[in-house]
Amino acid sequence: MKKVTAILLVLAMVMMMLSGCGSKNAESGDEMFKVGIIQLMEHPSLDTIRESIIEGLEDEGYVEGENLKIEYQNGQNDMSTMKNIAQTFVGDECDVIVAIATPAAQAALSETTEIPIVFAAITDPVGAGLVDSLDNPGGNVTGTSDEVSAEMIMNLAKDITPDFKTIGVLYNIGEDNSVSVVAQLKEYAGENGYKVIESTVTNTGEVQQAAQYLADKVDIVFSPIDNTVASSMAVATETFNNAGIPFYVSADSMVNDGGLATCGIDYTVLGRETAAMIADILEGADPAAIAVRKMSEMSVYVNKETAKALNIEIPQAILDKAVLFPEE
């Protein structure tokens with residue numbers, strides 16, 4: 204009986220080694236890590252981040268199928284769905300949960316304070332309740348911020364369309380990342396003598412009406428990195444182009460989808476920075492002590508077709524340094 208018990212114990216230990224998040228890869232001998240990715244929704248910017256994270260992890264030595272297993276789930280822009288995904292990742296004992304966009308990170312944090320969570324593309328992680336501070340996150344969460352400067356984008360707008368006096372703002376009032384940037388814009392407008400008119404939405408079905416409301420009242424329109432607006436760019440840009448209103452946005456993908464211009468970050472770089480943080484945590488770093496990374500390099504993006512539709516001549520000095528869409 205003792206011999207049988209010993210054999211069973213050995214078999215149990217072998218099974219434990221071959222399963223789970225920190226298992227050994229039978230072929231390579233490397234430790235097999237499991238990373239769960241929750242993405243708010245399918246969208247070009249968010250897709251670019253996810254793809255760049257995976258590429259960045261490979262550059263860091265974590266290759267899917269060799270020493271890394273990636274579980275990717277689309278949150279369908281629904282908090283209940285994302286919470287269910289997070290619960291699954293917790294149950295699977297993932298080594299790291301990666302959350303792309305603010306609601307995804309909030310859903311993950313609501314399900315675990317132990318598994319490290321690395322977020323990407325969160326404008327205001329402190330305001331979203333994810334970290335104590337940017338320099339010292341303090342818990343199981345850290346990541347990369349995609350905060351843009353409303354002032355920089357307005358300065359770009361002054362270079363392209365210098366005569367505006369009234370700024371329309373189109374955003375989802377329920378998105379923390381948008382609210383914080385709009386607050387920056389209001390401060391800038393107040394200091395520089397501009398009038399701000401807001402038009403807020405709660406879902407994509409409201410974007411067209413909200414855009415039309417602004418088109419009759421403002422000289423230009425601004426949108427922060429707002430997932431709801433970003434998912435409805437075709438409707439928004441058609442409305443503003445028909446009204447002859449320049450639409451300044453905050454993400455390269457939003458320019459690619461019809462916005463006139465922005466001064467923003469490169470999401471490929473952000474994804475790779477996120478991957479480097481994930482690799483540090485897989486190697487034993489404590490997320491509580493890893494400062495949130497903000498992107499320091501900004502690029503100018505211009506949509507040539509939108510400029511043509513609005514009869515706007517982009518200054519050559521801007522064209523010389525800009526990334527132009529559509530790509531040739």
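In the numbering used here, each number is its position in the sequence shown, counted from 1, plus 203. Every residue, glycine too, gets a C-beta built ideally from N, C-alpha and C.
As assigned by DSSP and simplified to three states, the class of residue i
{"i": "Leu463", "result": "coil"}
{"i": "Val421", "result": "coil"}
{"i": "Gln519", "result": "helix"}
{"i": "Thr347", "result": "strand"}
{"i": "Gly279", "result": "Before going further, note that residue 279 is Gln rather than Gly in the sequence given. Coil at Gln279, not helix or strand."}
{"i": "Val452", "result": "coil"}
{"i": "Leu333", "result": "coil"}
{"i": "Ile273", "result": "strand"}
{"i": "Glu254", "result": "helix"}
{"i": "Asp379", "result": "helix"}
{"i": "Gly259", "result": "helix"}
{"i": "Gly393", "result": "helix"}
{"i": "Gly341", "result": "coil"}
{"i": "Ala310", "result": "helix"}
{"i": "Leu328", "result": "The sequence shown places Pro at residue 328, not Leu. Coil, per DSSP."}
Same chain, Cβ closer than 7 Å to residue i, neighbours up to 5 away in sequence not counted
{"i": "Leu243", "result": "Leu249, Gly278, Asn280, Ile303, Ala304, Pro306, Ala307 and Asn430"}
{"i": "Ala525", "result": "Val503, Tyr504 and Val505"}
{"i": "Ile517", "result": "Ile363, Val505 and Ala510"}
{"i": "Ala311", "result": "Ile241, Ala289, Ile300, Ala302 and Ile320"}
{"i": "Ser379", "result": "Residue identity differs from the one stated: residue 379 is Asp in this sequence, not Ser. These residues qualify, in order along the chain: Thr305, Asp327, Gly330 and Ala331."}
{"i": "Gly377", "result": "Thr405"}
{"i": "Glu263", "result": "Ala478, Ala479 and Ala482"}
Own chain partners of residue i with C-beta closer than 6 Å, once the 5 adjacent residues on each side are dropped
{"i": "Ala353", "result": "Val384, Gln387, Leu388 and Tyr391"}
{"i": "Thr315", "result": "Val293"}
First through last residue of the beta strand (DSSP E) which encompasses residue i
{"i": "Phe292", "result": "First-last for Phe292: Met282 to Gly294, but that is the alpha helix (DSSP H), not the beta strand (DSSP E)."}
{"i": "Thr369", "result": "Thr369 to Asn375"}
{"i": "Glu401", "result": "Lys398 to Val404"}
Residue i - partner residues in DSSP beta bridges
{"i": "Ile303", "result": "Gln242 and Ala323"}
{"i": "Asn506", "result": "Phe528"}
{"i": "Lys497", "result": "Ser348"}
{"i": "Glu267", "result": "Leu271"}
Own chain partners of residue i with C-beta closer than 8 Å, once the 5 adjacent residues on each side are dropped
{"i": "Ala437", "result": "Asp460 and Gly461"}
{"i": "Ser313", "result": "Lys286 and Ala289"}
Range of the contiguous alpha helix (DSSP H) that encloses residue i
{"i": "Ile318", "result": "First-last for Ile318: undefined, no H or E at that position."}
{"i": "Asn430", "result": "Asn430 to Ala433"}
{"i": "Asp362", "result": "Ala353 to Ile363"}
{"i": "Asn444", "result": "Met436 to Ala446"}
{"i": "Glu476", "result": "Tyr470 to Leu485"}
The ligand NAD heavy atom lying under 7 Å from the CB of residue i
{"i": "Ile300", "result": "Absent from the structure shown: the ligand NAD. Ligands present: none."}
Touch check for the stretch 435-453 and the stretch 408-417: three-plus C-beta pairs under 8 Å? yes
Would you call the stretch 258-265 in contact with the stretch 475-487, where contact means no fewer than 3 C-beta pairs closer than 8 Å? yes
Given 8 Å as the limit, is there contact between the stretch 335-347 and the stretch 362-380, that is, 3 or more CB pairs closer than that? no
Decide yes or no for the touch test of the stretch 432-442 against the stretch 281-290: beta carbon pairs closer than 8 Å, at least 3 of them. no
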